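Some notes on the structure that comes next.
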Amino acid sequence: MDRRDFHKQTLILGIGALAGCAKGNEVTVRKQPGNFYEEPPKNLPIRQFDVVVAGAGTAGVVAALAAARNGARTMLIERKGYTGGTVTEGGTALHSFYNLWQAFDVEKRQVVRGIPQEIIDRLMKIGGCTGHAEMAKGFDFDSVCTAIDTELYKLTTMQMLDEAGVFIAVNTLLTGAIMDGSRVRGVIADSRSGREAIYAKAFVDCTAYGDLAAFAGAQYKVPNDYACCNSVGMGNVDIDKYHKFMKANGPIREMAMGIRSGEPGKIVRVKGPLGAEFAAEARKIGMASVTTTVHDNYLMFIKCNYEVPGSVVNRDDMAKAELEVRKRMARAVELFRKYVPGCEKAFMARTSPSLCIRRGRLITCDYDITHEDVIECRHFDDDVMAYGFHDMAPRYQVKDGGTYGIPYKALRVAGIDNLLVSGMMITSDHRAHMSTRNTISCMGQGQATGTAAALCAAKNCGTRDLAYGTLRDALKNGGVYFES
Ligand SMILES: Cc1cc2nc3c(=O)[nH]c(=O)nc-3n(C[C@H](O)[C@H](O)[C@H](O)COP(=O)(O)OP(=O)(O)OC[C@H]3O[C@@H](n4cnc5c(N)ncnc54)[C@H](O)[C@@H]3O)c2cc1C
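Following this line, the structure appears as structure tokens:
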């Protein structure tokens, strides 16, 4: 869909056009049956900021922190009541602060630092993280596993945002964009305090779904190339008994040791067999067998995958999927109770409030990172971070334990002057996306876009007019690591 078509549809259907149905790469709008109600025009109160960050998830938290620390009056808009996004709801652990040194027997380097590392430091102080636990098995997949206490992550990131002076608008849904030609003038936000227009000089879309970019008329596709998932935190588990049973069933495929309930040297991530009957039943509900934990009696993420028939940006398709996955999660806990010693009295202690997506809209940017860029360790003359993890390892690995660069141009929305994106909505090639979408990559991208947005606001310039040297200096000041 191009921008002109989108605007035509927005004109006809208002914001409801975003409830479009996507099949493969095409997006079509399902027309509502019956008559239309013409919404009367309304005067909205205006708020003014330098930078608006949409979505306080994995990337958004870091983007807002970076923007505020670089001197921008920053507003962060989040539809839920807390910060953290998919980090706290879907991912089993944060991948990966380091290069893949173990698999290639090369020097160990921490390649993602800056604000993402600062969040880990804060969590470590309050017992909310396993530390960068080294993989003892399965290290051709990753070198470290950094598991977090999801509830403490929400609290810690919200505190950090508050300390940085970010205006945190949780329980607030971004529902529109106000355009002035190819420039975003402002956004529309709805909350129980009413509907508001928020003006700013620069904008960062971190909504995962690319809501702001779509409202602004950016080009996008909806690839529908991943399963959705919800995840259960399972309480009342005897982890040591569980691990013993796993070991007795056959070889452990992945294992990492770290701090668990305050004690170092404990298993914090493990993947291995739980018996043929369990495996057969688990397959029927799309359950993944890798588990991580920060606490002795808790398995953090039992994940049930489901390929949504239809589209992840269609409300009605997702409503059916929400029910299906809730049934699967209940079944998952039943299976653990029935087949796995140590889980006899386990219960569902946490689920995600809504389905977690691995990809929503794919937003067209000035550059699209390729599979070859990733595995061939390519760096660019406008790198904003380095990253070295691939979720399809060992099938695809970043060559020789090296890193590739995420270029600034991959985060600039094509055709729009003052809008950046970060997180799962960049990178069209599924294989490359299996690296760029991971948590620590999204967080690093957040630091880059938040910093760039603040600099653009201060200089009153568009995202393409920002001198790369200025951005790189600011990122270095923020602790970001560059390979050269
Ligand atoms: C099931 C699952 C398992 C995964 N496992 C791992 C793993 O083990 N390790 C790993 O590194 N990665 C993993 N990933 C990938 C990784 O977690 C995600 O790709 C990454 O966290 C996405 O970050 P994001 O910032 O793009 O989106 P999110 O973290 O989802 O943030 C988007 C935020 O925007 C908000 N939002 C959305 N729309 C609006 C709106 N209109 N108005 C206001 N707010 C809005 C949302 O509420 C959310 O808080 C997994 C992903 C999934 C789904």
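FYI, the numbering for the sequence shown is 125 to 608, going by our numbering.
The beta carbon of each residue, even a glycine, is placed where N, CA and C say it ideally should be.
Computed from a predicted model, the values in this text were never measured in an experiment.
- Check the Cα spacing between Tyr344 and each of Ala313, Asn542, Asp490, Pro169: the tightest is with Asp490.
- Rounded to the nearest whole angstrom, the C-alpha separation of Ala191 and Asp364 is 44 Å.
- The nearest non-hydrogen atom of ligand 1 is less than 7 Å from the C-beta of Arg203.
- By a beta-carbon distance limit of 8 Å, Met381 contacts Gly389. Their separation comes to about 5 Å.
- In the DSSP secondary-structure assignment, Pro531 is bridged to Asp507.
- Checking the 7 Å criterion, the Cβ of Lys427 is within range of a heavy atom belonging to ligand 1.
- The C-beta separation of Gly484 from Gly289 comes to about 30 Å, leaving the pair out of contact by the 8 Å criterion.
- Thr270 is the residue among Thr270, Trp225, Met548, Met248 whose C-alpha sits nearest the C-alpha of Arg393.
- For Ile250, the number of other beta carbons within 10 angstroms of its own is below 16, and it is reported as exposed.
- The beta-carbon distance between Tyr463 and Leu398, rounded to whole angstroms, is 7 Å. This is short enough to meet the 8 Å contact definition.
- Pro240 is classed as buried because its beta carbon has at least 16 other beta carbons within 10 Å across all chains shown.
- With a beta-carbon spacing of about 6 Å, Glu202 and Gly179 fall inside the 8 Å limit used to define contacts.
- Here Val211 is not near Asn354, since their CB atoms are 8 Å or more apart.
- Residue ranges of uninterrupted alpha helix (DSSP H) with 4 or more members, entirely inside the stretch 345–380 and ordered along the chain, are 363–373.
- Note that the C-beta distance between Gly158 and Thr182 is not below 8 Å.
- In the structure shown, Phe513 adopts coil according to DSSP, grouped into three states.
- Pairing Leu168 with Ala340 gives a Cβ-Cβ distance that is not under 8 Å.
- Lys204 is classed as buried because its beta carbon has at least 16 other beta carbons within 10 Å across all chains shown.
- In the structure shown, Glu242 adopts helical secondary structure according to DSSP, grouped into three states.
- Taking C-beta atoms as the reference points, Phe513 and His219 count as a pair closer than 8 Å.
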